[in-house]
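These protein sequence lines map, in sequence, to chains A and B. The letter at position 203 of the first sequence is residue 203 when you use our numbering, and the numbering goes up by one with no holes. The letter at position 448 of the second sequence is residue 448 when you use our numbering, and the numbering goes up by one with no holes. Just so it is clear, CB atoms sit at the ideal spot from N, CA and C, and this is done for glycine as well. Being a predicted model, the structure only gives us computed values, none of them experimental. Presented below is the structure to which this report refers.
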Amino acid sequence: MMHWIILPVVLPALLAPLIGFVMRHDMTLTRTASVAGTLLLFAISLGLVLLAADGETHVYRLGDWPAPFGIVLVLDRLSALMVVLTAALAVIVLIHAIASGWDARGWHFHTLFQFQLMGVCGAFLTGDVFNLFVFFEVLLIASYGLMIHAGGTRRIQAGLQYVVANLAGSTLFLFALGAIYASTGTLNLADLAVRVAELPREEAGLVRVAAMLLLVVFAVKAALFPVQFWLPGTYSNAPAPVAALFAIMTKVGAYAILRVHATAFGPEVPATGDLVGDWLFPAAIVTIAIGAFGVLGARRVMPLISFSVIGSMGTLLLAIASFSPGATTAALYYLVHSTFAAACLFLVADLVVTRRGSDLLNAMPATAQNGLFAALFFGAAIGMAGMPPLSGFLGKLLILDALRAPEVMPWAWTAILVGSLLTIVGFARAGSELFWKSTSIPLPVASPGEAAVDAAVVPATPGATPLEIAPAVLTIAALVGLAAFAGPVAGYLEDTAIQLFDRAQYIGAVLTTGGEG
Amino acid sequence: MSHEGYLLLFIAVLPFVGALVPGVMIRAGRTACASFAAVPTALAFILLLMLAPSVMRGEVIQAELEWLPQLGLSASFFLDGLGLLFAGMILGVGLLIILYARFYLSHEDPVGQFYTYLLLFQGAMLGIVLSDNILLLLIFWELTSLSSFLLIGYWKHLPEGRQGARMALAVTGAGGLAMIGGMLILGSIAGSYNLTDILEQGDAIRASDWYMPALILILLGAFTKSAQFPFHFWLPHAMAAPTPVSAYLHSATMVKAGVFLLARMWPVLSGTDAWFYIVATTGLVTMVLGALIALFKDDLKALLAFSTVSHLGLLTMLLGFGTQAAAVAAVFHIINHLTFKAALFMTAGIVDHETHTRDIKRLGGLRHLMPVTFVIGTVAALSMAGIPLFNGFLSKEMMLEEASHTYWAGSAYAVPVMATIGALLSVAYSLRFISHVFLGPQRDDYPHKPHDPPFGMWASPGLLIVLVLLIGVAPFVADGIVATAASAVTGAELHPHLKIWHGVTPALWMSVAAVAGGVVLLSAHAPLDRLWAAAPRPEAKAIFHRLVAAVVGFSRWFTEVTHNGAISRYLAIFTLASVLVGWMAYRGSGLPLPTRGLLPVPPVIAVGWILLIAATAYVVVVHHNRFQSLVLIGIIGLMISAGFVYLSAPDLALTQISVETVTIMLLLLALNFMPQMTPKESSMGRKLRDAIIAVAAGGSVGALAYAFMLRDVETISDYHLANSYEGGGGTNVVNVILVDFRGYDTYGEIIVLGIAGFVIYALMRALLDGPAARRLRTLEFGYNISKDRHPLMMVVVTRVLMPIAVVVGIYIFLRGHNQPGGGFVAGLVIAIALLMQYMASGFFWTQARKKIEYHTLIGIGVVIAGLTGAGAWLYARPFLTSSYTYVHWPPIEEFELATAMLFDLGVFLTVLGAVMLMLYSLSRIARYAGETVNVEPMDYDPGERAEEKVEA
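Quick look at the structure:
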């Protein structure tokens with residue numbers, strides 16, 4: 001009996017309401033429960049990684065109903081990886097949110113945070129496309145709550161855009177599910193894979209439409225062109241720790257594309273094989289360009305980071321578009337890397353922006369600990385831009401190496417390399433403005449008039465405590481560790497990718513065996 | 001791995017480990033920092049010397065650690081002749097620079113940082129020359145770009161430093177990225193990223209179709225790093241760095257990385273026409289151009305920077321010739337250039353440090369004031385000029401010798417003439433350095449009274465000019481290392497003999513011409529300088545900045561135009577994209593034949609259908625009026641519910657109708673705080689555009705639905721129908737699906753509802769803390785507010801309805817498993833009953849009678865549902881496994897107890913709590929908006945009046 005598999009969903013789902021209605025009046029209790037729960041989730045997820053390491057596809061049948069009639073959870077290397085990544089990121093972000101006091105600036109932060117984790121873990125673990133929709137809803141509504149945490153006109157405006165764009169995605173998701181159910185009669189992913197594979201191409205019109213609509217839905221989450229528009233405004237205006245947590249949200253989209261499209265609509269499926277990659281590839285190229293231009297043209301720090309996230313998603317999906325185990329290994333490595341890199345940037349930016357009082361990229365007097373922040377930003381930026389010695393460089397090399405088939409190489413390489421250059425220049429400009437030029441600006445003299453008003457608006461904030469700096473340092477440490485142990489990590493990811501593309505194993509485990517539940 | 005291999009690894013790692021220390025020791029002072037930087041450098045240097053004898057014997061020391069085998073990346077290093085030469089230079093000069101910088105930097109500078117950056121750079125540079133894996137080499141290559149960015153921008157308060165740093169990073173970074181492409185192609189031709197393997201496959205690589213792309217991309221990397229025309233412009237601007245950095249990075253080591261790479265790849269890439277014409281020509285042009293610009297630079301460091309550009313061009317040209325003799329000359333000149341140029345930079349630094357200026361026009365006559373500096377500077381400059389008995393002469397002669405018999409596109413004169421001109425210019429600017437700084441009359445307007453620096457500052461350049469003289473007089477001392485390095489470059493066993501006198505050769509005459517011409521040119525410097533200043537010439541820095549500004553401007557324009565924040569546009573694009581990809585996907589295939597016919601349409605249904613369409617169309621017309629739209633949406637919802645009833649889906653109808661009721665009620669309440677009308681913002685054209693998009697999308701969805709309603713397919717629902725009673729214990733299959741087959745979905749959905757409650761509450765609190773609260777306080781409700789907000793009739797009716805509604809709710813809940821109903825609907829029904837109380841008697845009155853908090857309701861609901869699911873674990877069943885039994889409690893008839901009901905109770909509580917929390921949030925807003933609190937159930941109570949009458 002392997003109830004471990006469902007714990008990443010049930011644990012936060014039980015904890016969140018308890019925090020919400022029992023502990024909501026006591027911040028210390030709330031924080032303790034939230035941290036303890038997240039640490040426990042991390043421990044559980046490590047257990048799941050160990051469980052999945054045997055290479056089996058573990059199936060958990062909810063309600064003890066046989067697949068495909070009930071809902072199943074599926075744990076394999078990929079889902080274990082995603083869950084452990086979520087939990088690790090959550091621990092780091094939570095420390096930051098607490099240390100910086102963000103969690104106390106609005107209501108129900110920890111409740112929503114736990115629900116968010118439940119939604120993300122649920123999406124990673126499910127083996128049912130309708131259930132995926134349900135968890136998309138859970139994580140959407142929770143993320144909306146987190147996004148508008150602490151309020152403010154601009155944030156609430158941006159939040160509206162976020163929720164509207166994603167609700168549009170959800171609606172399309174329903175259309176796609178309708179088409180899938182009407183044309184195959186099933187919602188279970190493994191069963192779907194079996195039935196789609198049997199369809200002759202000439203009769204697969206509905207399934208093909210559904211496959212592409214699903215791609216659009218997942219692309220909205222993954223911020224892929226042309227449905228990436230919501231991301232910059234959302235991430236730039238979200239509370240920084242939330243933006244850092246959202247680093248995993250775009251990955252939910254990427255994961256869903258990998259999971260659903262590789263399993264049910266992959267290249268070897270006659271009905272839909274030619275579709276997905278062909279659309280994904282050019283869209284990813286444009287996404288990289290949008291990200292790079294956005295980084296270079298940014299006037300503010302938060303949008304700069306947001307666009308760099310778009311660029312990284314473009315790079316990731318470029319690798320995914322190949323739908324081959326080799327490229328997927330590279331993609332997964334880059335996925336893990338870019339999650340921590342994006343989180344790191346947002347966490348560092350939060351330390352700086354709260355002390356500067358503005359995220360405008362202009363020279364203002366240097367804040368306390370300018371040197372420390374500069375060093376952290378430098379580390380985070382080279383992580384995101386994909387420069388050595390951090391893991392981004394290896395990730396990029398892996399992707400470039402994987403995409404050397406002559407028909408994709410010129411486009412892919414040009415996009416990635418030129419995109420990197422623009423990103424590097426963009427970050428260098430921003431960093432030199434924020435941390436170097438600021439040292440040449442004298443502190444405002446407290447004279448009557450404008451300066452005094454400024455000083456009143458931007459009070460001199462104290463330096464960051466070690467606990468505030470720790471999460472940013474942890475993310476950089478993650479990038480260092482990912483680079484240093486690239487060999488073993490890539491080994492695991494290679495097995496993961498091979499398992500993902502072993503459709504027969506997946507289908508067999510879900511549909512025929514007794515399972516573990 | 002051999003013992004020597006471990007030593008090699010240790011050498012490679014030492015600078016990085018050492019880099020941590022000075023940064024930490026920053027408070028200990030300059031000497032401590034310098035010492036802590038010197039120790040790892042010296043240690044690495046000593047270890048290198050221990051390995052040197054084996055390498056000089058022709059051995060290659062190798063070390064390998066596995067890193068990322070999936071990619072073919074390993075941490076493998078090797079030490080051959082070329083590596084030994086460069087590693088020696090990097091570590092040797094590194095030591096001298098550490099010493100020099102100790103005296104050069106002031107105690108106000110963050111010295112610890114400086115040494116940390118310097119050691120990082122040293123490690124990266126050492127990595128480049130020792131890498132046996134081209135991917136590893138790329139890593140170190142980019143690391144040198146990054147560490148040099150930090151070093152150039154070291155004086156971060158100076159704009160030149162920041163700009164110079166960014167420019168260097170952009171140019172060398174771009175080259176580095178190009179090189180990534182080149183190296184990956186190279187590796188893919190050779191089938192390995194190991195340098196040793198690649199070096200053996202020269203013929204295969206040169207024959208490959210991919211040779212040209214690889215060559216060009218790799219050369220881009222090398223040329224940008226080594227400041228070759230037209231990428232030379234970043235180097236002079238990098239001179240904003242402190243002088244020790246200029247001496248180390250920008251003359252001795254980093255800029256030679258490009259040359260090193262050309263030398264490293266020489267056996268693989270050279271020997272083709274493309275190599276000769278690209279590399280040799282670029283080198284030649286760079287050599288002449290750099291020398292020409294150097295002659296007219298007044299800033300000492302700029303002069304030296306352009307001279308460095310020129311000498312790098314010379315090296316590139318020699319390697320481009322592709323002959324073994326030229327390679328020997330290149331190796332020898334690398335050593336010679338290192339000695340005199342580093343000494344010259346340090347001299348310039350000393351002059352700057354002592355006189356507080358580097359402007360040649362403000363200097364002159366320093367020979368008596370700074371005699372030691374004068375000697376050092378003069379010896380080094382004479383060597384740079386290529387005067388006999390100094391080492392620069394020897395390698396320049398070899399260069400001219402090679403140039404003299406090189407044909408360029410059939411011409412015998414092009415290369416020799418240009419090389420002589422380059423040498424001539426070199427003589428001129430070298431002599432200018434001596435005469436305009438040290439010679440001439442002593443002045444009395446130096447910004448600072450100069451004198452010789454302390455010994456520590458001139459020790460390093462002093463040691464270097466000893467080498468200049470030693471090699472210059474007794475060149476055979478360098479035989480060994482030149483032979484070893486040149487053999488490593490060419491891959492052939494070479495034994496060159498370096499000597500001063502080669503007899504009367506063409507090279508000698510070219511040299512004589514160069515020296516004579518140089519002296520003449522210098523004597524005419526003043527008028528030439530005026531001419532130069534007047535001549536129009538492209539300013540590389542300005543071009544670069546314009547280019548960057550243009551790209552940034554475009555990026556900004558592009559980003560701001562595309563991401564303009566208009567949600568309507570984003571949605572339009574999303575909708576169009578969905579329709580487009582859906583259509584494209586469909587186009588590639590078709591549909592099976594329909595299996596169902598169309599059903600007849602009875603008149604009643606037609607009426608409903610028309611009502612639905614009409615209401616929808618009317619929403620489009622009146623959507624500016626929010627109230628009317630809401631009413632129409634209510635009609636649409638009702639029609640849909642009716643449709644469910646007609647199509648025999650009572651559960652759906654029940655749910656739909658209660659959801660409709662609750663949402664419309666809540667929306668009506670919310671409407672209270674919003675403007676009555678939405679503003680008219682769209683132009684006619686936009687409306688047309690939107691109409692087209694909407695029709696396309698709606699039509700597509702309709703077509704999709706039509707397509708699948710005409711076709712049967714075997715679905716999993718058959719199983720649900722068959723097993724609902726047997727397995728799920730319920731005859732209402734919809735409910736069994738909801739709470740059992742797919743109870744997990746329901747679990748997720750009630751959580752969504754619960755979260756929505758929490759979010760609305762949090763949002764309300766956030767709003768009421770913000771500017772919205774102020775707006776609410778000043779909100780005027782205007783004409784439409786009733787004088788009798790809590791009318792008697794409504795109060796009475798709702799009170800009467802309350803128990804009935806509760807009973808109906810309980811009934812619906814209990815029958816749910818077997819008949820239409822269930823927790824969800826029951827929750828909504830009770831919520832409606834409560835909602836009505838709030839509407840009738842006002843929020844405050846009702847709230848005072850409420851016994852349980854809504855947060856708690858949601859919480860308990862979600863927890864009950866979760867625990868019910870988890871309860872199955874006790875029976876070793878998966879989450880949400882249901883169980884049921886039939887019990888008989890007299891006098892009640894036998895009835896069923898199912899765990900699914902407990903789950904349904906969770907659903908019920910969550911739904912109720914969420915709806916009520918939403919209402920609570922709305923009423924909080926109303927309180928802010930100035931709604932008065934009523935403590936009585938109704939505004940006008942006739943009963944009270946009757947009592948008053950009685951009392952009266």
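Could you please give me the residues that DSSP links to Trp408 of chain B through a beta bridge?
BP columns for Trp408 of chain B point to B:Ser411.
Output needed in chain order: residues of the segment 566 to 588 of chain B with a Cβ under 7 Å from some Cβ in chain A.
Flagged, chain order: Ile567, Tyr570, Leu571, Ile573, Phe574, Ala577, Ser578, Val581, Gly582, Ala585, Tyr586 and Gly588.
For a test of the three-state rule: what should DSSP assign to Arg61 of chain A, helix, strand or coil?
Correct three-state label for Arg61 of chain A: strand.
If you draw a straight line from the C-alpha of Gln324 of chain B to the C-alpha of Thr490 of chain B, how long is it?
A straight-line Cα-Cα distance of about 7 Å links Gln324 of chain B and Thr490 of chain B.
Contact set between Asp745 of chain B and chain A, taken where Cβ atoms lie within less than 9 Å
Within 9 Å Cβ-Cβ: Ile71, Asp128, Phe130, Asn131, Phe133 and Val134.
Thinking C-alpha only, which one of A:Glu203, A:Val134 and A:Gly426 is nearest Tyr744 of chain B?
Taking only the C-alpha atoms, the option nearest Tyr744 of chain B is A:Val134.
Is Leu146 of chain B close to chain A, meaning its C-beta is less than 8 Å from at least one C-beta of that chain?
Interface residue (Cβ-Cβ distance to chain A less than 8 Å): Leu146 of chain B is classified as such.
Should Ile441 of chain A be labelled buried (16 or more other beta-carbon atoms within 10 Å of its own) or exposed?
Looking at its Cβ environment, which holds fewer than 16 other Cβ atoms inside 10 Å, Ile441 of chain A is exposed.
Please classify Glu354 of chain B as buried or exposed, where buried requires at least 16 other C-beta atoms within 10 Å of its C-beta.
So Glu354 of chain B counts as buried.
Could you name the residues of the same chain whose beta carbon sits closer than 7 Å to that of Gln228 of chain A, not counting the 5 residues immediately before and after it, in chain order?
Closer than 7 Å at the Cβ level, and outside the excluded window around Gln228 of chain A, lie Thr287, Ile290 and Ile310.
Can you list the residues of chain A that Tyr719 of chain B reaches, using a CB-CB cut of under 8 Å?
Near Tyr719 of chain B (Cβ distances below 8 Å), the residues of chain A are Phe69.
Element boundaries [alpha helix (DSSP H), containing Trp501 of chain B]:
For Trp501 of chain B, no alpha helix (DSSP H) run applies, since DSSP gives it neither H nor E.
Should Asp445 of chain B be labelled buried (16 or more other beta-carbon atoms within 10 Å of its own) or exposed?
The residue in question, Asp445 of chain B, is exposed, as its Cβ has fewer than 16 Cβ neighbours within 10 Å.
Contacts of Ala762 of chain B in chain A (Cβ-Cβ under 8 Å):
Here the neighbours are Gly106, Trp107, His108, Leu112, Gly145, Ile148 and His149.
With Leu318 of chain B and Ala385 of chain B assumed to form a contact (beta carbons below 8 Å), what rounded beta-carbon distance in angstroms separates them?
Not a contact, Cβ separation roughly 19 Å.
Note down the Cα distance separating Pro471 of chain A from Phe485 of chain A, rounded to an integer number of angstroms.
About 21 Å.
At a CB distance below 8 Å, what residues from the segment 178 to 200 of chain A approach chain B? Give them in sequence order.
Those would be Gly178, Ala179, Tyr181, Ala182, Ser183, Thr184, Gly185, Thr186, Leu187, Asn188 and Asp191, in chain order.
Quick one: residues in its chain with C-beta nearer than 6 Å to the C-beta of Ser74 of chain B, no 5 flanking neighbours on either side, listed in chain order?
Closer than 6 Å at the Cβ level, and outside the excluded window around Ser74 of chain B, lie Glu64, Glu66, Trp67 and Asn133.
Where the beta strand (DSSP E) containing Trp67 of chain B begins and where it ends:
First-last of the beta strand (DSSP E) with Trp67 of chain B: Ile61 to Leu68.
Leaving aside the five residues before and after Lys437 of chain A along the sequence, list all residues of the same chain whose C-beta is less than 6 Å from its C-beta, in chain order.
Cβ neighbours of Lys437 of chain A beyond the five flanking positions: Ala363.
Span of the beta strand (DSSP E) holding Ala898 of chain B?
Counting along the chain, the beta strand (DSSP E) containing Ala898 of chain B begins and ends at Phe895 to Ala898.
Taking DSSP's pairing of strands, which residues face Val72 of chain A in a bridge?
Val72 of chain A pairs with A:Arg61.
If you draw a straight line from the alpha carbon of Pro325 of chain A to that of Ala298 of chain A, how long is it in whole angstroms?
Cα-Cα distance, rounded: 36 Å.
What residues in the segment 222 to 233 of chain A bring their beta carbon closer than 7 Å to a beta carbon of chain B?
Within the segment 222 to 233 of chain A, the qualifying residues are Pro226, Val227, Phe229, Trp230, Pro232 and Gly233.
Are the Cβ atoms of Ala122 of chain A and Val138 of chain A separated by less than 8 Å?
Before going on, a small fix: residue 122 of chain A reads as Gly here, not Ala. Between Gly122 of chain A and Val138 of chain A, the CB-CB gap stays under 8 Å.
Beta strand (DSSP E) segment containing Pro270 of chain B, residue limits:
The sequence shown places Ser at residue 270 of chain B, rather than the Pro named in the question. Per DSSP, Ser270 of chain B belongs to no beta strand (DSSP E) and is neither H nor E.
Nearest-angstrom beta carbon gap, Val93 of chain A and Ala244 of chain A [assumed within contact, 8 Å]
Between Val93 of chain A and Ala244 of chain A the Cβ distance is about 5 Å, and since that is below 8 Å, they are a contact.
May I ask which residues mark the beginning and end of the beta strand (DSSP E) holding Ser74 of chain B?
Leu73 to Leu79 is the extent of the beta strand (DSSP E) around Ser74 of chain B.
Can you have a look at Leu598 of chain B and say buried or exposed, based on whether 16 or more other CB atoms are within 10 angstroms of its CB?
Around the beta-carbon of Leu598 of chain B, fewer than 16 other beta-carbon atoms lie within 10 Å, marking it exposed.
Where does Tyr100 of chain B sit, in a helix, a strand or coil, going by DSSP?
DSSP places Tyr100 of chain B within a helical segment (H, G or I) once states are collapsed to three.
Please tell me whether Trp65 of chain A has its Cβ less than 8 Å away from any Cβ of chain B.
Contacts with chain B at 8 Å (Cβ-Cβ) include Trp65 of chain A.
Relative to the C-alpha of Val739 of chain B, which candidate in B:Leu792, B:Phe824 and B:Tyr811 has its C-alpha closest?
The shortest Cα separation from Val739 of chain B among B:Leu792, B:Phe824 and B:Tyr811 belongs to B:Phe824.
From Phe293 of chain A to Asn564 of chain B, what does the alpha carbon distance come to, in whole angstroms?
Those two C-alpha atoms are separated by around 14 Å.
With a threshold of 8 Å between beta carbons, is Tyr528 of chain A in contact with chain B?
A query on residue 528 of chain A cannot be resolved here, the shown segment of chain A reaching from 1 to 517 and no further.
Quick one: list the residues of chain B neighbouring Val510 of chain A, beta-carbon separation under 7 Å, in chain order.
The contacting residues do not exist; Val510 of chain A stays about 13 Å from chain B at best.
Cβ-based burial, Ala368 of chain A [other Cβ within 10 Å; buried from 16]:
Per the 10 Å Cβ criterion, exposed.
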